[in-house]
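With the numbering used here, letter number 133 in the sequence shown gets 126, and the count goes up by one each step, no holes.
Positions of the beta carbon are idealized from the N, C-alpha and C atoms, including for glycine.
For clarity, every value in this text was computed on a predicted model and none was experimentally measured.
Single-structure report; data block below.
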Amino acid sequence: MEAFDLFVIGAGSGGVRAARTAAALGARVAIAEQSRVGGTCVIRGCVPKKLLVTASRYRAEASDAVGFGWNLEAKGHDWSALRDGIAEEVGRLEHLYRTGLDNAQVTIFDESASVEGNGRVRLAPGRTVWAANIVVATGAMPSPLGIPGAEHCITSDDVFGLPHLPARVVIVGGGYIALEFAGIFKGLGTDVTLLHRGPTVLRGFDADLQHAVAAAYLEQGIQLRLNTSVRSIEALARGYRVTDQAGNGFDCELVLNATGRLPNSMAAGGALALDQTGAIVVNDRYATSMEGVYAIGDAIGQLNLTPVAIRQGQWLAESLFGASQSCPPDFGVTPTAVFSTPEIASVGMTEHHARATLPDITVYRANFRPMRASLARSRERVLMKLVVDKRSDRVVGLHMLGRDAAEIIQMGAISLQRGITKREFDRTVALHPSVAEEFVTMRNHD
Ligand code: FAD
């Protein structure tokens, strides 16, 4: 039987990093991938999604440009050129990932694998290999809709391969994937209806951002129906009808189920303890209920973000095969973005969370039209918000809606990580004229 020091199941963000790090430390490593090397982020998540977002924003840019003296005639959009361009880029990245594993002398098994017990991994054709350590990094999968007609839906995985752009789409869900694809479709010229069963979109984000993005979407002509549960989907002669709990019908060419993602724990093979959501249960060192078996990334259902999975994979490999005795990574200050249009990004506590956990807070807010909006005659707005712990003066939350929010909040995350105070923000010299300077010149609070 083939034997390895480490066997990784799943060649996505976390798995690839764990495998390459362990191999660089001298371990004999194998990795199994049932689909394409690179995983969700590279093949059907962050990367192709962000390219779609970029594409979808050019329409508004072209119309803004008129106010700056340009006459950019938009002659329509070629979906197949975009789709094929993205597919090519994804293929290039996949090749880079595979080459990186090859160069690190990681053995790649292009098949599915599962944990069998006693250090054994079962490969799809029925073969078994042995490994001293096993890491399950199998990611997550779209959660099923569970209503009559759900089989008519596509998921975000399918958008990247659509034969043509639909004229009208209904998106079910109100999380970040739903909002991002609503912005993408709208920007590319599709009529969008978003049906969400909750009272606000983007659960867990700061309430001001939730309301501002919902208002911006309504203004762009996206039909946003909150408190709306979908009851059924029925196929029509052409397209589909989505019916809500009140009996309202929404006809469309395509239904996108974006109601969330569930941990993919099938590779646990019934051998590992799972929680009620199906996530693999781990301790703070990513050890599962079975000795020698670890799990990281979306499969453990904690913070479903690429940088989190990568960091977990890196740390785990170092702790198993390196000399480093460092503590497991701390994700207390983890910045996150929603690539809706307008974009959202946050780091630290929401106002609601801060009020619930700290004795006294101060909230600084700025809500304004950016400079470019006047000439562009656009209705673009920016919302920026600082949440401060009054007792210590520490900035505990930084939130933004507007152009380049992700870029700005990434830099702000460094200062939050260092425990920056509001006084230190105030002492920082502004960079003028920029939108980000607003964060160091905020004087008005609630
Ligand atoms: P994955 O990257 O999902 O990799 C798991 C791999 O395991 C897959 O390749 C799968 O095929 C393979 N696999 C599963 N079971 C088996 C098996 N039994 N045998 C062999 N192989 C198996 N995160 C961000 O940080 N920023 C973003 O902007 C962002 N956008 C996203 C957009 C979308 C549409 C989606 C769906 C996700 C997005 N994410 C984003 C989340 C991010 O992609 C995930 O958090 C990240 O990929 C998780 O990494 P992972 O290693 O846990 O799993």
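Just the Cα atoms here: how many angstroms apart are residue i and residue j?
i	j	result
His438	Leu116	59 Å
Arg218	Ala133	27 Å
Ser225	Ala143	7 Å
Leu296	Arg37	18 Å
Phe324	Val301	8 Å
Val114	Gly7	18 Å
Ile293	Val422	42 Å
Trp72	His157	6 Å
Ala338	Asp244	33 Å
Ala11	Ile303	8 Å
Ala16	Val22	6 Å
Leu351	Arg196	21 Å
Gly5	Thr131	7 Å
Phe174	Ala(-4)	44 Å
Ser371	Glu246	30 Å
Thr334	Gly180	9 Å
Gln238	Leu155	29 Å
Pro137	Arg190	15 Å
Gly60	His145	43 Å
Asp291	Leu65	43 Å
Met435	Ala359	7 Å
Gly32	Gly110	25 Å
Gly262	Pro118	15 Å
Leu440	Trp63	This structure does not reach residue 440, given that the chain is present from -6 up to 439, and the question cannot be answered.
Arg420	Leu368	32 Å
Ile140	Thr236	11 Å
Quick one, are the C-beta atoms of residue i and residue j less than 8 Å apart?
i	j	result
Val83	Val35	yes
Val441	Leu267	Absent from the model: residue 441. The displayed extent of the chain is -6 to 439, so no value can be given.
Ala106	Arg13	no
Thr183	Ala160	yes
Ala398	Ala330	yes
Gly440	Ser49	For residue 440 there is no data in the structure shown, the boundaries of the chain being -6 and 439.
Gly242	Arg234	yes
Arg416	Asp386	yes
Gln269	Ile289	no
Val375	Val433	no
Pro328	Ile402	yes
Gly285	Gly112	yes
Gly271	Ser282	no
Arg52	Ala67	yes
Val248	Ile215	no
Val441	Leu409	Outside the modelled stretch of the chain, which goes from -6 to 439, sits residue 441, for which no answer is possible.
Leu188	Val163	yes
Ile79	Arg91	no
Ala205	Glu104	no
Leu511	Leu172	Since the first and last residues shown for the chain are -6 and 439, residue 511 lies out of range.
Val380	Ile354	yes
Glu373	Arg362	yes
Met364	Pro426	yes
DSSP puts residue i in a beta bridge; with which residues?
i	result
Val235	Ile226 and Phe243
Lys383	Lys383 is not bridged to any residue.
Ala338	Ala330 and Met393
Val433	DSSP, once it has assigned bridges, lists no residue as partnering Val433.
Leu249	Ile147 and Ile164
Leu267	Ile273
Phe0	Ala23 and Ile127
Pro426	Per DSSP, none; premise fails for Pro426.
Thr414	Arg387
Arg420	Looking at the DSSP assignment, Arg420 forms no beta bridge with any residue, so it has no partner.
Leu45	Its beta-bridge partners do not exist; DSSP assigns none.
Pro256	Ala133
His157	Answer is none; His157 lacks a bridge partner.
Alpha helix (DSSP H) segments (min. 4 residues) lying fully within the region 279 to 315: 299 to 314
- prompt: Is there contact between the region -3 to 12 and the region 120 to 128, where contact requires at least three CB pairs shorter than 8 Å?
  reply: yes
message: Restricting to runs no shorter than 4 residues, where is the alpha helix (DSSP H) found entirely within the region 173 to 220?
response: 200 to 212
message: Suppose only complete runs of 3+ residues qualify. What are the beta strand (DSSP E) ranges in the region 343 to 376, listed by chain order?
response: 354 to 361
task: List in chain order: all unbroken alpha helix (DSSP H) runs of 4+ residues lying wholly within the region 56 to 140.
output: 72 to 96
- request: Tell me, please, whether the region 42 to 57 touches the region 339 to 346 by the rule of three or more beta-carbon pairs shorter than 8 Å.
  value: no
message: Whether or not the region 147 to 154 and the region 297 to 314 are in contact is what I'm after, with contact meaning three or more pairs of Cβ atoms, one per stretch, closer than 8 Å; do they touch?
response: no
field: Three CB pairs or more closer than 8 Å across the region 243 to 256 and the region 166 to 182
entry: yes
field: the region 203 to 214 contacting the region 381 to 393, beta-carbon criterion three pairs below 8 Å
entry: no
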